[in-house]
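For the sequence shown, position 48 matches number 48 in UniProt numbering, and the numbering has no gaps at all.
First the structure, in the form of structure tokens, and then the observations on it.
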Amino acid sequence: MSDYKYVFGPVPSRRMGMSIGISPIPEKYCNYSCIYCQLGRTNHLTNKREEYFNINDIIEEFEKYLNEDIKFDVVTIVGEGEPTLYLKLGELIKELKKKTTKPVAVITNGALLYDENVRDGLKNADIVLPSLDAANEENFKKINRPYGKIKYSEVVEGLRKFSKNYKGELWIETMIIKDINDKEKDFIEFKSILNTMEYDRLYINTPVRPPAEDYVKEPSKEVIEKAVKILGGISINSLLSEGFYSRVKDDYEAIKTIIKRHPMNQYEITSFLESRECDNIENIFNILEKDSDISVIEYKTYKTYRLK
Ligand code: SF4
1 MSDYKYVFGP VPSRRMGMSI GISPIPEKYC NYSCIYCQLG RTNHLTNKRE
51 EYFNINDIIE EFEKYLNEDI KFDVVTIVGE GEPTLYLKLG ELIKELKKKT
101 TKPVAVITNG ALLYDENVRD GLKNADIVLP SLDAANEENF KKINRPYGKI
151 KYSEVVEGLR KFSKNYKGEL WIETMIIKDI NDKEKDFIEF KSILNTMEYD
201 RLYINTPVRP PAEDYVKEPS KEVIEKAVKI LGGISINSLL SEGFYSRVKD
251 DYEAIKTIIK RHPMNQYEIT SFLESRECDN IENIFNILEK DSDISVIEYK
301 TYKTYRLK
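Structure (structure tokens):
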């Protein structure tokens with residue numbers, strides 16, 4: 001497995017190109033437990049901000065990674081949970097920016113934007129990608145299953161305030177789920193909220209990877225088109241994905257390193273192995289199927305592989 005603890009990738013991002021990930025929080029620490037989460041249900045539902053890992057250790061590891069001279073387009077603080085729970089996020093962004101000229105992005109659920117300290121820390125990032133899935137409190141609870149008393153109105157107000165003062169690129173992302181928030185009235189209600197914010201892009205996402213809950217389904221193509229029309233966004237599904245990359249030499253271990261953070265489907269694994277000129281692809285799939293560390297999930301007529 002990789003000898004890196006906080007740095008991973010580069011992973012192909014449909015929005016940003018090849019992205020080096022920085023994960024400053026332990027696995028599945030989040031203040032939401034979204035029904036569509038590709039990591040499964042949240043194990044540690046918390047809203048407590050902490051310096052989960054020493055900031056110097058993260059920066060040291062990033063420097064080591066940079067010395068390997070791997071090509072990338074962006075550094076993304078993403079975590080296998082919610083990165084704004086990292087208490088020193090603002091300092092981390094500043095330190096990363098001292099080490100690279102590439103943009104530093106943060107992917108967040110945006111829940112903590114009601115906290116002025118979080119808004120202040122995030123202002124140093126070049127791109128912030130907050131999500132907002134619901135147009136009302138009821139759907140917020142249904143979709144995001146937030147920690148304790150986090151209120152929808154506070155989350156929206158936090159995002160609104162941030163959007164008015166932030167000088168970088170603000171790309172909001174929304175997840176459309178069949179029969180939950182995919183009706184025309186949902187889009188109209190959501191648009192009226194977006195109209196009170198200032199942002200650069202809106203990405204419309206659907207649950208393309210196996211979700212935490214079986215009842216989560218993708219809406220039809222027509223529904224996504226309607227969402228794009230009403231909300232004025234870009235459908236993530238329409239963006240091409242680039243190939244995966246790993247610096248780990250062994251093909252099997254390389255896959256395990258990637259799926260620890262980013263589940264891969266059978267087609268992605270095949271094209272990844274082909275790009276490495278692997279000549280025993282079938283055998284690798286056989287081992288993956290039997291590996292007790294790996295969940296094999298049948299979703300949307302194909303298999304997806306995720307580390308347990
Ligand atoms: S906010 Fe992100 S990490 Fe947290 S539960 Fe939702 S999808 Fe998963």
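Just so it is clear, CB atoms sit at the ideal spot from N, CA and C, and this is done for glycine as well.
Note that the coordinates shown come from a computational prediction; the quantities given were computed from them, not determined experimentally.
In the pairwise beta carbon analysis, the segment 123–137 is classified as touching the segment 164–180: at least three pairs are separated by under 8 Å. For Lys-303, the enclosing beta strand (DSSP E) has its first and last residue at 302–307. Those residues placing their Cβ nearer than 6 Å to any heavy atom of the ligand SF4 are, following chain order, Cys-30, Tyr-32, Ser-33, Cys-34, Cys-37, Leu-39, Thr-42, Gly-81, Glu-82, Asn-109. Nearest C-alpha to Glu-198 among Asp-250, Asp-291, Ile-269, Glu-157: Glu-157. Met-264 is bridged by DSSP to Tyr-305.
The beta carbon of Ile-224 lies closer than 6 Å to those of Ser-235 in the same chain, with the five residues before and after it left out. Below 8 Å, enough C-beta pairs join the segment 144–151 and the segment 26–43 to call them touching: three or more.
The alpha-carbon separation between Val-208 and Thr-304 amounts to approximately 10 Å. Within the model, the alpha-carbon separation for Ile-297 versus Ile-258 is close to 16 Å.
Counting every other CB atom within 10 Å of its CB across the protein chains shown gives Asp-200 a total below 16, marking it as exposed.
Annotation: the continuous alpha helix (DSSP H) that includes Leu-194 extends over 184–194.
With respect to Leu-132, Val-155 sits close: the two C-beta atoms are nearer than 9 Å. Going by C-alpha positions, Pro-10 is about 32 Å away from Phe-140. If you check the CB distance, Leu-39 and Ala-254 do not come in under 9 Å. Listed in chain order, the non-local C-beta contacts of Asn-43 below 7 Å within the same chain comprise Lys-28, local neighbours out to five positions each way being set aside. Looking at the DSSP output, Phe-8 sits in a beta bridge with Gly-21.
Nearest C-alpha to Lys-102 among Pro-83, Glu-282, Ser-19, Asp-115: Ser-19.
With fewer than 16 other Cβ atoms from the protein chains shown falling within 10 Å of its own Cβ, Gly-232 counts as exposed. Going by DSSP, Leu-129 is part of the beta strand (DSSP E) stretching over 127–130. Distance from the Cα of Asn-67 is smallest, within the candidate group Asn-124, Thr-46, Glu-289, Val-7, for Val-7.
Taking 3 residues as the shortest admissible run, the segment 72–107 contains the following complete beta strand (DSSP E) segments, listed from N- to C-terminal end: 74–77. Between the C-alpha atoms of Asn-283 and Lys-99 there is a straight-line separation of about 41 Å.
Counting along the chain, the unbroken alpha helix (DSSP H) around Ser-163 starts and ends at 152–165. By the 16-neighbour rule on beta-carbons within 10 angstroms, Lys-221 is exposed. Residue range 201–205 is occupied by the beta strand (DSSP E) that includes Tyr-203. Lys-97 and Asn-286 have their C-alpha atoms spaced approximately 42 Å apart.
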